Structures are given as C-alpha cells and as structure tokens.
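Asks: Listed in order, the protein sequences are those of chains D and W. Per the working numbering, the very first residue in the first sequence carries number 1; after that it's consecutive. Per the working numbering, the very first residue in the second sequence carries number 577; after that it's consecutive. Glycine included, C-beta positions come from ideal geometry on N, C-alpha and C. Nothing here was measured: the structure is a model prediction, and the numbers come from that model. This structure is in structure tokens; I'll ask about it shortly.
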Amino acid sequence: MELQTLTFIVVGITFAIYIGIAFWAKASSTSDFYVAGGGIHPVANGMATAADWMSAASFISMAGLIAFFGYGGSVFLMGWTGGYVLLAMLLAPYLRKFGKFTVPEFIGDRYYSKAARIVAVICLIVASVTYVIGQMKGIGVAFSRFLETTYEIGLLTGMGIVFIYAVMGGMKGITYTQIAQYVILIFAYTIPAIFISVELTGNPLPQLGLGSTMVGSETYLLDKLDQVVTELGFAQYTTQARLSTLNTFVYTLSLMIGTAGLPHVIIRFFTVKKVSDARSSAGWALVFITILYTTAPAVAAMARLNLHQTIEPQKGEYLEYEKRPNWFKNWEKTGLLAFEDKNGDGKITYTADAATNEMVKVDRDIMVLANPEIARLPKWVIALVAAGGLAAALSTAAGLLLAIASAISHDLLKGVFKPDISEKNELLASRIAMAGAIVLAGYLGFRPPDFAAGTVALAFGLAASSIFPALMMGIFSKRINKEGAIAGMIAGISVTLLYVFQHKGIMFIASTSFLGDMKANWFLGIEPNAFGAIGAVVNFVVAIVVSKMTAEPPEHIQHLVEDIRVPAGAGEATGH
Amino acid sequence: MANNNSESRQAYWQANLKLVAILLAIWFFISYVCGILLVDQLNAIKIGGYKLGFWFAQQGSMYGFVALIFVYARLMGKLDREHGVQD
Numbered sequence: 001m002e003l004q005t006l007t008f009i010v011v012g013i014t015f016a017i018y019i020g021i022a023f024w025a026k027a028s029s030t031s032d033f034y035v036a037g038g039g040i041h042p043v044a045n046g047m048a049t050a051a052d053w054m055s056a057a058s059f060i061s062m063a064g065l066i067a068f069f070g071y072g073g074s075v076f077l078m079g080w081t082g083g084y085v086l087l088a089m090l091l092a093p094y095l096r097k098f099g100k101f102t103v104p105e106f107i108g109d110r111y112y113s114k115a116a117r118i119v120a121v122i123c124l125i126v127a128s129v130t131y132v133i134g135q136m137k138g139i140g141v142a143f144s145r146f147l148e149t150t151y152e153i154g155l156l157t158g159m160g161i162v163f164i165y166a167v168m169g170g171m172k173g174i175t176y177t178q179i180a181q182y183v184i185l186i187f188a189y190t191i192p193a194i195f196i197s198v199e200l201t202g203n204p205l206p207q208l209g210l211g212s213t214m215v216g217s218e219t220y221l222l223d224k225l226d227q228v229v230t231e232l233g234f235a236q237y238t239t240q241a242r243l244s245t246l247n248t249f250v251y252t253l254s255l256m257i258g259t260a261g262l263p264h265v266i267i268r269f270f271t272v273k274k275v276s277d278a279r280s281s282a283g284w285a286l287v288f289i290t291i292l293y294t295t296a297p298a299v300a301a302m303a304r305l306n307l308h309q310t311i312e313p314q315k316g317e318y319l320e321y322e323k324r325p326n327w328f329k330n331w332e333k334t335g336l337l338a339f340e341d342k343n344g345d346g347k348i349t350y351t352a353d354a355a356t357n358e359m360v361k362v363d364r365d366i367m368v369l370a371n372p373e374i375a376r377l378p379k380w381v382i383a384l385v386a387a388g389g390l391a392a393a394l395s396t397a398a399g400l401l402l403a404i405a406s407a408i409s410h411d412l413l414k415g416v417f418k419p420d421i422s423e424k425n426e427l428l429a430s431r432i433a434m435a436g437a438i439v440l441a442g443y444l445g446f447r448p449p450d451f452a453a454g455t456v457a458l459a460f461g462l463a464a465s466s467i468f469p470a471l472m473m474g475i476f477s478k479r480i481n482k483e484g485a486i487a488g489m490i491a492g493i494s495v496t497l498l499y500v501f502q503h504k505g506i507m508f509i510a511s512t513s514f515l516g517d518m519k520a521n522w523f524l525g526i527e528p529n530a531f532g533a534i535g536a537v538v539n540f541v542v543a544i545v546v547s548k549m550t551a552e553p554p555e556h557i558q559h560l561v562e563d564i565r566v567p568a569g570a571g572e573a574t575g576h
Numbered sequence: 577m578a579n580n581n582s583e584s585r586q587a588y589w590q591a592n593l594k595l596v597a598i599l600l601a602i603w604f605f606i607s608y609v610c611g612i613l614l615v616d617q618l619n620a621i622k623i624g625g626y627k628l629g630f631w632f633a634q635q636g637s638m639y640g641f642v643a644l645i646f647v648y649a650r651l652m653g654k655l656d657r658e659h660g661v662q663d
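Right under this line is the structure:
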C-alpha cells in the first residue's frame, strides 16, 4: 500500500478512537466536562496531564533540535521536566487548596484586585498565543509532509483542522480521550526508537542503546557519532555547548520556571480530589513525560548518525543526487529540505562549511518525522509516527486555545467588563476569541520566530517572567501586596517582551527587529529564548521593593495565605 | 485536630519549608551542578558509552526529578498526619 494512503488510514483510526471515547464518556457523565480529572486516580490524571503537556514541541521538534545541538539540546530536556519539581513543591498543592478554576482568579483574589486579574489575563494570553505559534509550525510541517505539499498549504490545512478540533471543545476536558492520546503518542514515539536502537546497537531500550556499542563493533555509538560529525567539521556532539555556560544555565531555568507558570498545566492540578493528590499527580505526570523525554536523546543521536551515514555511506563517498531516497524527495517538496549542487558533481556534499555544503536547508523540525524513513522502518511505523505527531500538536493547540478563549470570555468579559453577560454570549465570545487566536497564530506561523521548540521556549520565557513569580510570592509571602504584584508582573513581562521583540521583531515579524538577532547585541550573551529567567528575577525584585514601600495587604488576605498553606479543609474546586 | 493553635501551624509550615529547601537543593545539584556547571569535569568519567556529565544532562537529572517528587509527596503526607492537617 502507498505510504500516504496508509498514513491517512492510521490517522483516521486514531481520530475515530478519540471521538468515539469522547461521545461514550460524554453520555456517561456530563460533569466531567467541567471537572476534568475530578475523582480520577492520580495515575490516570498524570497520564492525561502528560498528553496535554507534550505538544508538537516535544514530539515533532525537540529531538530534531537535540540532533543538531548535541549536548546543547539538554536545555529542553532538563528545562521541560525539572519544572514539574517546582510545580509540585511550590504551587500545585496550594493552588488546589485555594480551590478556584483559573490562574487569573487566584491572582485576582490573592491580590484583592481586578487590575491584578486583568494583568494576569493579558500575560496569560501573550504567552499562550506565542505557544500556539510554535504548535502551528509543527502542524504545518506535519501536514505539508503527509499531503506532499508546501509548508504554507500544510499550515493552512492545519489551521482549519485545529479550529474544528478546538470548537468541539468538550472533548478536551474528557480525561479518557487524553489518556488515549497519550497511549498513541507514546507508542508512536517509542516504537521507531526501539526499532532503530536494536538496528544500531542491539539493545531494545533506547535509553541504554544510546550508551552502548554499535552492532558488530567495539565502538560506542556516541563516540562514533562524535567522530562522524567532527570529521565533517561540525562541533563534537557530546560536548557542543549552547553558546555559553551562563546561557545554558539561564535557558534551562527559564524553561523550568515557565513550566510552572503555564496556565493550561496548572489548571489540571486545581481539579484533583485532594491536596495530597495534587502532589502525587505531578509525580505521575512527570513519569509519563519522562518516558518520552529520556527516549528523545536516543532518537536525536541515532537520527543524526543515520542522516550522515545515508548521505555519506563511505568516508568521502557522498550519495549521488539522482540516487537519493524517497524521503529526501518528499521533504524537498515541502521546501523544508533543500539541495543545491554547488560543485556540479551530482553528489550531495554535506559539511559544516557553508561555502561547500550542499544541504542548504535542513529544517530541524523534520527530523523526528523523517527519522523512521531514513532508518527504512516498515511503513506502518512511519504512519504511526504521523498519527502521534498530530495527536500531540492538535491536543495541545486545542487546550491552549480553550485557555485563551476562557481567559477572554470568562476572566475578562464576565469577570470584569460585563458581569451580566448571558451564557450564550459568553460562549459566542469564546468562539470568536478562539478563531481570532488561530488566525493570528497561523499568520505568525508562516514566518515563525524559530523552530517549533524554540518558539515554544519563547512562550515559556513569557510565562516565567510574569505568572510564576506572582503565584509563588502569593503563597510564600504574606507581605507582597497588590501594588507589588502588579508592578512585578508588568515589569517582568515587559523586560522579556522588549528583549525578545528587539531581537526577533515586533510581534515576531523579523523585519521590525531593530537590534537584529545578533549575538553581539545580546545582554551578557543570553539568547532571547532564554531571557524569561532574567524577566522573572526582575519581577521578583520589583514586586518586593514596591511592596515594601506600600501598605501591607489587608488582614483577611493574610488569613487567606495562612489557610492555603495547610491541606486540611480543602473542598471541591469551585468558581465556574 | 484540624484547626488547632497557630503555633502548631507555624511549626508545620517551618518543617514544610525545610523539606522543600533540602529537596530543591538536590534538584539544583543534579541538573544545574552536574548537568551544566561541572559538565566538563564529569565528562572525564565514562559509564559505558555515556560521558557522565552528558548523562546527567540528558538522562540522569530527569530520573532524579521523578524520584524527588515522589519523595516529597510521601514525606509531606507524613508531615500532614503528624500535625493533624491532612485533608
């Protein structure tokens, strides 16, 4: 059977499963729509959280970036898992005890101010829209490949499907659908990894295969990879730093804090049954995430090795362009992979030297999807990867769009500007907000500021610099007042946005970046993707200083803080 | 038991902060120290094909994070019961 037909069938079956479960679950319980995960075991809730959390950035993009960054790609691995430790210990149990549904609601109540709530909503929208741009890039890559068309048409198709998917809304809140998505996603990710690991090292566990010797040789896989890439003039894989040690440090910190500041993840912990469940749910979510995240480095290294060995089967013997494999031709159609025969010998010279390198474009985001084809795995495995990638991208995009829509319709319209809005109009406003967000994110997705994971990293920076410090100080300090919190959030997100915009362009439109994306202009050599951690520090400092200079929070707020610090007396979550 | 005097609550909160501080110190050590700051020094040691610093950055730190959360959940559960504030 043709690969494309098979892909359509597999993707179709998985979608039928999600929709089928959604209808089945909807019929059996309507309250689940609102209290996603209420009364559901922490293990199941953790699995659903993992599906919610792992997006196109994790599934499609991350291993591709690691493949080319080598050790430098570790920032994504540590950053996007370590944040759960912060979430579990600093936020989740307390927000659960507080017992409301949205992050702006907590900030509005703790800082006894509508203004604080509005600022939180705006920060949340800015971070979430940026996040969706990253998803759009991943969705565009996936669709362009499977429709065998250009990236732009792939993206347009994807936008349409995301809209339909997100408007079906309720599906999102149903934990069982997310569990099904997790199962498909994790199989799609690990099965090809196991195949490739066995092929290269004989070890079925990719996590161990990465540290093993190559089949029929005494050489370790990582040593072989280091040797192959350095011979072509690239940096050594296992030691290649992400710019500087300081940048690596700050980048990791920014992703960790951002993880603990992103509303669509935090929300999941509002709705578990007990405070103690909030703690262990975070642990289970991380278990399921770590299965993919510890596999990713193996996927990355093995894909890089296979790529080089396909193009240069024997040392110095490059592949003839006419004999290039099918995957090469297919990705050329998308415009994400490009070859230019600079020396006119009809062979594909691939080196680190820009003057002679003929692989003029290798988009990092194609690596995970191309990987099973490069390794010549069976067609059904390739189709499964497609289904997994789409599940990851669509579920997260839909979740974020719902978060944006409810922030606008529930927190802003109903909460602040028009408390008497009818339920019907609230729903209409949320649909319009959702459509607007898709169009905006899709438009910006035509020229994304970075690869999918890089764009998502920007979103984390924005969440890190605004939401996390306000939440954490709200729990761990009784002294931070509304003036401090508002000033801190505004200062933090402004500093980060300014820094990102001046290097990446206003609203990420590259031509408006007045300082250019140039290393020479970077503050202490920190790249824009990593700047959220600095923004967070600014937020903390400003909030503390301003609070010291203004009046203490009223007494009932201090009692509120004391109350959320102990688990006893937590009721059901309320607020919607 | 649940709403006993503020002194006990204060003690509970102090114990909580101490536990979190210790666990976050370990969190910092396995990721930022072993995976970033001391990565070159640790890379001199090899476990199988893995350079140790590289292993911490791309494998070890993540296993550590999982363990830390479960240890936290367990010890906090114990602390809750000792102070009679469990839910």
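Reducing DSSP to helix, strand and coil, say where residue 336 of chain D ends up.
Replies: Residue 336 of chain D falls in the coil class under three-state DSSP.
Asks: Got a sec? Which residues, its chain only, sit under 7 Å from residue 191 of chain D by beta carbon, not counting five neighbours each side?
Replies: These residues qualify, in order along the chain: 381 and 384.
Asks: Which residues in the same chain as residue 280 of chain D place their Cβ atom closer than 7 Å to its Cβ, once the five residues preceding and following it in sequence are excluded?
Replies: 42, listed in sequence order.
Asks: Strictly under 8 Å for the Cβ-Cβ distance: is residue 89 of chain D near chain C by that measure?
Replies: In the structure shown, chain C cannot be found, because the protein chains are D and W.
Asks: Compare the Cα-Cα distances from residue 502 of chain D to each of D:486, D:481, D:527 and D:272 and report the closest residue.
Replies: Of the candidates D:486, D:481, D:527 and D:272, the one whose C-alpha sits nearest the C-alpha of residue 502 of chain D is D:527.
Asks: Would you please verify whether the beta carbon of residue 598 of chain W is less than 8 Å from any beta carbon of chain D?
Replies: Not closer than 8 Å to any Cβ of chain D, the Cβ of residue 598 of chain W fails to qualify, so no.
Asks: I'd like to know whether the C-beta atoms of residue 282 of chain D and residue 83 of chain D end up nearer to each other than 8 Å.
Replies: No. Outside cutoff.
Asks: If you follow the alpha helix (DSSP H) that residue 163 of chain D is in, where does it begin and where does it stop?
Replies: It spans 151-167 - the alpha helix (DSSP H) in which residue 163 of chain D sits, taken as one unbroken run.
Asks: Can you have a look at residue 35 of chain D and say buried or exposed, based on whether 16 or more other CB atoms are within 10 angstroms of its CB?
Replies: Only weak support exists for where residue 35 of chain D lies, its pLDDT of 45 falling under 50; the coordinates are left without a value.
Asks: Taking only beta-carbon positions, decide if residue 559 of chain W is within less than 8 Å of chain D.
Replies: With chain W running from 577 to 663 in the structure shown, residue 559 of chain W is simply not present.
Asks: Please list, in chain order, all residues of the same chain as residue 538 of chain D whose beta carbon is under 6 Å from its beta carbon, the five residues on each side excluded.
Replies: Correct list, in chain order: 491, 492 and 495.
Asks: Would you kindly work out how many angstroms separate the C-alpha atoms of residue 265 of chain D and residue 66 of chain D, rounded to a whole number?
Replies: Residue 265 of chain D and residue 66 of chain D: Cα-Cα distance of roughly 24 Å.
Asks: I want to know whether the stretch 267-274 of chain D touches the stretch 97-104 of chain D - three or more CB-CB distances under 8 Å.
Replies: Judged by Cβ distances under 8 Å, the stretch 267-274 of chain D makes contact with the stretch 97-104 of chain D, as three or more pairs qualify.
Asks: Would residue 57 of chain D pass as a contact of residue 453 of chain D if the rule is Cβ separation under 8 Å?
Replies: The answer is yes: Cβ separation under 8 Å.
Asks: Given a threshold of 16 other Cβ atoms within 10 Å of its Cβ, counted over all protein chains shown, does residue 582 of chain W qualify as buried or as exposed?
Replies: Under this definition residue 582 of chain W is an exposed residue.
Asks: By Cβ distance, which residues of its chain are closer than 7 Å to residue 552 of chain D, with the 5 residues on each side in sequence left out?
Replies: So the qualifying residues of the chain are 479 and 481.
Asks: Please go through the stretch 35-70 of chain D and give each complete alpha helix (DSSP H) segment of 4 or more residues, from N-terminal end onward.
Replies: The qualifying runs are 42-53 and 62-69.
Asks: Who are the neighbours of residue 633 of chain W on chain D, taking C-beta pairs under 8 Å?
Replies: What residue 633 of chain W touches in chain D: 71, 74, 77 and 78.
Asks: From this set, D:89, D:356, D:332 and D:297, which residue's C-alpha is nearest residue 149 of chain D's C-alpha?
Replies: The candidate whose alpha carbon is nearest that of residue 149 of chain D is D:332.
Asks: Kindly indicate which three-state DSSP category residue 651 of chain W falls into: helix, strand or coil?
Replies: Helix at residue 651 of chain W.
Asks: By DSSP, does residue 17 of chain D sit in helix, in strand, or in coil?
Replies: Helix.
Asks: I'd like the list of long-range same chain contacts for residue 256 of chain D, defined as Cβ closer than 7 Å, with 5 residues on each side in sequence excluded.
Replies: Excluding residues within five positions, the ones whose Cβ falls inside 7 Å are 79, 82, 83 and 86.
Asks: Does residue 1 of chain D pass the burial test, meaning 16 or more other C-beta atoms within 10 Å, or should it be called exposed?
Replies: Classification of residue 1 of chain D: exposed, given that the 10 Å Cβ count is below 16.
Asks: Any beta carbon of chain W sitting closer than 8 Å to that of residue 437 of chain D?
Replies: Not an interface residue.
Asks: Starting from residue 345 of chain D, trace the alpha helix (DSSP H) in both directions and tell me its first and last residue.
Replies: Where residue 345 of chain D is concerned, there is no enclosing alpha helix (DSSP H), given that its DSSP letter is neither H nor E.
Asks: DSSP three-state call for residue 172 of chain D: helix, strand or coil?
Replies: Because the pLDDT at residue 172 of chain D is just 48, under 50, the model does not fix this residue reliably, and the value given afterwards should be weighed accordingly. Residue 172 of chain D: helix per DSSP, three-state reduction.
Asks: So is residue 613 of chain W in contact with chain D if we call contact Cβ pairs under 8 Å?
Replies: It does: the Cβ of residue 613 of chain W has a partner Cβ on chain D nearer than 8 Å.
Asks: For a contact meaning CB atoms closer than 7 Å, what does residue 568 of chain D contact in chain W?
Replies: Per Cβ cutoff of 7 Å: 578, 661, 662 and 663.
Asks: Mind checking residue 12 of chain D: buried by the 16 CB within 10 Å criterion, or exposed?
Replies: Exposed is the call here.
Asks: Can you list, in chain order, the residues of its chain with a C-beta nearer than 8 Å to that of residue 167 of chain D? Leave out the 5 residues immediately preceding and following it.
Replies: Same-chain partners within the cutoff: 431 and 434.
Asks: Helix, strand or coil: which one does DSSP assign to residue 314 of chain D?
Replies: DSSP places residue 314 of chain D in strand when its eight states are reduced to three.
Asks: Could you check what DSSP says for residue 272 of chain D in three-state terms: helix, strand or coil?
Replies: Correct three-state label for residue 272 of chain D: coil.
Asks: For residue 471 of chain D, I'd like the list of residues in its chain whose CB is within less than 6 Å of its CB, leaving aside the five on either flank, ordered along the chain.
Replies: Once the five neighbours on either side are set aside, the close Cβ partners of residue 471 of chain D are 91.
Asks: Closer than 8 Å by beta-carbon distance: list the chain W residues that pair up with residue 248 of chain D, in chain order.
Replies: Within 8 Å Cβ-Cβ: 612.
Asks: Would you call the CB atoms of residue 364 of chain D and residue 68 of chain D closer than 8 Å?
Replies: The answer is yes: Cβ separation under 8 Å.
Asks: Hey, residue 627 of chain W and residue 238 of chain D: beta-carbon distance below 8 Å or not?
Replies: Yes, these two residues count as a Cβ contact at 8 Å.
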